[in-house]
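J.: To start, I am sharing the structure in question, which I have written as structure tokens.
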Amino acid sequence: MGFTSEGGKPGAVIYLPPADYHLTTQVIIDISFLKIMGSGHGFTSSSIRYNVPENEWQNLHELWPGGSRIIVDIDSKSKKEEIDTAAFLVQRSGNPRISSVEFSNFCIDGVHFVDDGTNIDNPENTYVNGKTGIYVASAQDSFKISDMGFVYLEHGITIYNADALTIHNNFIAECGNCIELRGWGQASKITDNLIGAGFKGYSIYAEKFAQLLITANNIFPRGASSIHLNGVTRSLIANNILHAFYPGMVILDANSSENLVSSNHFLHDREPWMPMQMYDNGLDDLYGLLYIEGNSNSVLGNHFSEILDKEYIKPVGEKPVIIHIVGGARNYISNNNTVASEAHTESGDSAFAAQVDSLLTIEESASISVTTVLVEPESQQNTVLDSGNNEQVIMSKDLNAFRATPTL
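In terms of the UniProt record's numbering, the sequence shown opens at residue 1 and continues consecutively.
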């Protein structure tokens with residue numbers, strides 16, 4: 001058999017050795033089969049440093065993220081459009097779609113947040129600076145973002161019109177928003193990431209997506225939501241660790257339908273770190289930890305831990321809601337377990353120590369009353385099985401099917 005050349009384009013690799021690289025102009029990518037790779041994601045907490053008194057910085061082992069580190073020095077104040085302030089812009093018109101661009105194993109650092117006029121004492125806690133790490137503006141196929149570090153960016157990853165996208169094994173934290181899938185998309189996955197947005201933004205957001213796999217992620221507080229699906233269908237949220245300081249942890253809205261939410265661990269407790277206790281996402285505890293507006297979703301085998309002292313429940317004296325179905329029909333809620341108890345944890349000045357102490361506290365505490373499932377009158381023909389007793393599940397028993405969790 002003879003060899004014939006089909007005139008392919010093999011692509012290229014750009015390697016970034018470990019070092020600091022100051023980026024003052026945007027990198028524009030308009031070719032397929034390109035891989036940009038480094039030798040270390042380089043993440044370290046900038047938030048902890050900025051909330052330590054400056055006279056103590058001299059005692060810190062590191063002051064800045066490291067590895068193969070891109071420092072985003074693009075002047076966001078002089079730019080008018082979000083697309084112009086991204087470190088890496090991927091954009092190409094025409095056919096075929098741009099394909100197989102990979103980002104791997106380096107750090108993108110926005111360095112500082114700025115005063116946004118909201119009277120936050122420390123501007124480094126605003127999560128605002130107008131900077132984006134990776135911005136994909138045009139439809140694409142088979143992109144991969146893996147083993148990366150993103151820190152102190154207002155938007156970590158923003159991608160429009162994704163097909164067969166992989167976002168895997170990244171460290172995306174202390175960003176205003178971490179992962180945003182906009183426009184529309186299909187058949188993609190967000191897996192095995194460590195993620196944590198700020199109190200104003202999304203940890204994971206997707207709109208008008210189908211067959212999106214979100215699994216095995218560890219999502220930290222303090223994002224306004226852990227996972228927010230807007231008009232998403234036939235997708236899976238499974239086997240994630242979700243920790244949040246505010247309600248609205250997982251939101252399925254805008255008629256998000258036929259999705260499966262299964263085998264996730266939800267933990268909602270109070271912010272233990274004193275510098276951040278004054279902030280929240282604006283939602284009260286009647287909103288629900290899991291909020292659903294859509295049809296024929298399945299919520300199976302999840303564990304919910306609601307660990308709050310009664311004095312911090314909002315509105316005061318109300319029962320927090322765990323699963324809240326506000327609209328749609330034929331949702332199937334089964335075999336979910338809720339643990340609801342007082343916390344008895346103390347605040348602290350150390351972000352790491354205060355949070356770990358809080359997470360490890362398992363002493364016997366008084367239970368608190370919660371509504372495990374609330375189905376609004378606008379939503380009917382739902383099935384709720386073994387996800388709360390008669391007092392904990394509030395819905396019309398005539399318009400929905402119900403089987404109570406047995407009680408002792």
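Positions of the beta carbon are idealized from the N, C-alpha and C atoms, including for glycine.
Would the beta-carbon of S46 fall within 8 Å of that of E154?
T.: As a position in the sequence shown, residue 46 is number 46, starting the count at 1. As a position in the sequence shown, residue 154 is number 154, starting the count at 1. Cβ atoms of S46 and E154: not closer than 8 Å.
J.: Would you kindly work out how many angstroms separate the C-alpha atoms of I157 and F88, rounded to a whole number?
T.: Working through the sequence shown from its first residue, we reach residue 157 at position 157. Working through the sequence shown from its first residue, we reach residue 88 at position 88. Each residue's Cα considered, the two are about 10 Å apart.
J.: Would you report the Cα separation of N390 and P406, rounded to the nearest angstrom?
T.: Translated into the one-based positions of the sequence shown, residue 390 becomes position 390. Translated into the one-based positions of the sequence shown, residue 406 becomes position 406. Their backbone Cα atoms lie some 9 Å apart in a straight line.
J.: Would you please state the rounded distance, in angstroms, between the beta carbons of Y202 and R182? I believe it to be under 8 Å.
T.: Position 202 of the sequence shown holds residue 202. Position 182 of the sequence shown holds residue 182. 11 Å between Cβ atoms; not a contact.
J.: Verify whether the separation of the beta carbon atoms of Q384 and I333 is less than 8 Å.
T.: On the sequence shown, position 384 is the one that residue 384 refers to. On the sequence shown, position 333 is the one that residue 333 refers to. This sequence places Val at residue 384; Gln is not what is there. Yes, these two residues count as a Cβ contact at 8 Å.
J.: Give me the DSSP bridge partner(s) of I292.
T.: For the purposes of this step, residue 292 is identified with residue 292 of the sequence shown, where counting begins at 1. I292 pairs with L252 and I325.
J.: Bridge partners for W184 per DSSP, in chain order?
T.: Stepping through the sequence shown from its first residue, residue 184 is reached at position 184. In the DSSP output, where bridge partners are listed per residue, W184 has none listed.
J.: Taking the beta carbon of I14 as the centre, do at least 16 other beta carbons fall within 10 Å, making it buried, or is it exposed?
T.: Against the sequence shown, residue 14 aligns to sequence position 14. Burial call: exposed.
J.: What's the C-alpha gap between S76 and D253?
T.: Taking the first residue of the sequence shown as position 1, residue 76 is located at position 76. Taking the first residue of the sequence shown as position 1, residue 253 is located at position 253. Those two C-alpha atoms are separated by around 32 Å.
J.: Please determine, among N59, G185, N105 and V128, the residue with the shortest C-alpha to C-alpha distance to V136.
T.: What you label residue 136 is simply residue 136 of the sequence shown in a count that begins at 1. Ranking the options by Cα distance to V136, first place goes to G185.
J.: Can you tell me whether Q392 is buried or exposed? The criterion is at least 16 other CB atoms within 10 Å of its CB, across all chains shown.
T.: Working through the sequence shown from its first residue, we reach residue 392 at position 392. With 16 or more other Cβ atoms within 10 Å, it is buried.
J.: Using alpha carbons as the reference points, say which of F220, Q211, G196 and K314 lies closest to L286.
T.: Position 286 of the sequence shown, counted from the first residue, corresponds to residue 286. Ranking the options by Cα distance to L286, first place goes to K314.
J.: Quick check: the Cα distance between P272 and M278, rounded to an integer number of angstroms?
T.: Taking the first residue of the sequence shown as 1, we reach residue 272 at position 272. Taking the first residue of the sequence shown as 1, we reach residue 278 at position 278. The straight-line gap from Cα to Cα measures roughly 11 Å.
J.: Would you kindly work out how many angstroms separate the C-alpha atoms of M1 and N177, rounded to a whole number?
T.: As a working mapping, residue 1 is identified with position 1 in the sequence shown. As a working mapping, residue 177 is identified with position 177 in the sequence shown. In this predicted model, M1 has a pLDDT of only 43, less than 50, meaning its place in the structure is not dependable; the value taken from the coordinates is given anyway. Going from the Cα of M1 to the Cα of N177 covers about 53 Å.
J.: I need the DSSP call for K397, collapsed to helix, strand or coil.
T.: Position 397 of the sequence shown, counting from 1, holds the residue named residue 397. Looking at K397 - three-state DSSP - the assignment turns out to be coil, as it is neither helix nor strand.
J.: Could you have a look at T85 and say whether DSSP puts it in helix, strand or coil?
T.: Here residue 85 corresponds to residue number 85 of the sequence shown, with the count starting at 1. Three-state DSSP puts T85 in a helix.
J.: Run through DSSP, which three-state label would Y50 get?
T.: As a working mapping, residue 50 is identified with position 50 in the sequence shown. Taken through DSSP and simplified to helix, strand or coil, Y50 comes out as helix.
J.: Taking 7 Å as the limit between beta carbons, can you name the residues of its chain near T372, skipping five residues before and five after?
T.: Counting from 1 along the sequence shown, the entry for residue 372 is found at position 372. Closer than 7 Å at the Cβ level, and outside the excluded window around T372, lie I322, I323, T338, S387, G388, Q392 and V393.
J.: State the start and end residues of the unbroken beta strand (DSSP E) segment that holds N230.
T.: For the purposes of this step, residue 230 is identified with residue 230 of the sequence shown, where counting begins at 1. Unbroken beta strand (DSSP E) run through N230: S225 to N230.
J.: Contact check, S104 vs K35 under 8 Å by CB: the rounded distance?
T.: Position 104 of the sequence shown, counted from the start, is the residue given in the question as residue 104. Position 35 of the sequence shown, counted from the start, is the residue given in the question as residue 35. Right, the Cβ-Cβ distance comes to about 7 Å (below 8 Å), so this counts as a contact.
J.: Let me check one thing: in DSSP terms, what residues is D163 bridge-paired to?
T.: Working through the sequence shown from its first residue, we reach residue 163 at position 163. Its beta-bridge partners are D141 and Q186.
J.: Which whole-angstrom value is the C-beta distance of N297 and S257, which I expect to be below 8 Å?
T.: For the purposes of this step, residue 297 is taken as the residue at position 297 of the sequence shown. For the purposes of this step, residue 257 is taken as the residue at position 257 of the sequence shown. Indeed they touch by this definition, with Cβ atoms about 6 Å apart.
J.: Should the stretch 201-219 be called in touch with the stretch 236-256, which here means at least 3 C-beta pairs below 8 Å?
T.: yes
J.: Once the 5 residues before and after residue 413 are set aside, which same chain residues still bring their CB inside 6 Å of it?
T.: For the chain, the structure presents residues 1 to 408; residue 413 sits outside this window and is missing.
J.: On the three-pair Cβ rule with 8 Å, is the stretch 46-59 touching the stretch 15-25?
T.: When C-beta atoms of the stretch 46-59 are compared with those of the stretch 15-25, fewer than three pairs fall below 8 Å, so the two segments do not count as touching.
J.: Alpha carbon to alpha carbon, what distance is there between I325 and D284?
T.: Reading the sequence shown from its first residue, position 284 is the one you call residue 284. Reading the sequence shown from its first residue, position 325 is the one you call residue 325. About 16 Å.
J.: Distance check for D280 and Y291, CA to CA, integer angstroms please.
T.: The residue given as residue 291 occupies position 291 in the sequence shown. The residue given as residue 280 occupies position 280 in the sequence shown. Cα to Cα, Y291 sits roughly 17 Å from D280.
J.: On the CB-based measure, 16 or more other CB atoms within 10 Å of its CB, does N302 come out buried or exposed?
T.: The residue labelled residue 302 in the question sits at position 302 within the sequence shown. N302 is buried by the Cβ-count criterion.
J.: Just to confirm, is the Cβ distance from N259 to E293 under 8 Å?
T.: Residue 259 sits at position 259 when you count from the first residue of the sequence shown. Residue 293 sits at position 293 when you count from the first residue of the sequence shown. Their beta carbons are not under 8 Å apart, which means N259 does not touch E293 by this criterion.
J.: According to DSSP, is N335 helix, strand or coil?
T.: Looking up residue 335 in the sequence shown gives position 335. Looking at N335 - three-state DSSP - the assignment turns out to be coil, as it is neither helix nor strand.
J.: In its own chain, which residues sit with a C-beta less than 8 Å from the C-beta of G110, not counting the 5 before and 5 after it?
T.: Mapped onto the sequence shown, residue 110 falls at position 110. Only V72, N129, K131, G133, V151, Y152, L153, E154 and C175 meet the Cβ criterion.
J.: Report, in whole angstroms, the separation of the C-beta atoms of S341 and S365, which I expect to be a contact under 8 Å.
T.: Against the sequence shown, residue 341 aligns to sequence position 341. Against the sequence shown, residue 365 aligns to sequence position 365. The Cβ separation is near 4 Å, so the contact holds.
J.: Going along the chain, which residues of its own chain have a beta-carbon closer than 7 Å to the beta-carbon of L63, five neighbours each way excluded?
T.: Taking the first residue of the sequence shown as position 1, residue 63 is located at position 63. Result list for L63: R49 and W57, in chain order.
J.: Hey, quick one: how far does the beta strand (DSSP E) through K35 stretch, first residue to last?
T.: Indexing the sequence shown from 1 puts residue 35 at position 35. Per DSSP, K35 belongs to the beta strand (DSSP E) from L34 to G38.
J.: For the beta strand (DSSP E) containing T126, name the first residue and the last one.
T.: Translated into positions along the sequence shown, residue 126 becomes position 126. From DSSP, T126 is part of no beta strand (DSSP E); its letter is neither H nor E.
J.: Answer with buried or exposed for K200, where buried requires no fewer than 16 other C-beta atoms within 10 angstroms of its C-beta.
T.: On the sequence shown, residue 200 is found 200 positions in, with the first residue counted as 1. With 16 or more other Cβ atoms within 10 Å, it is buried.
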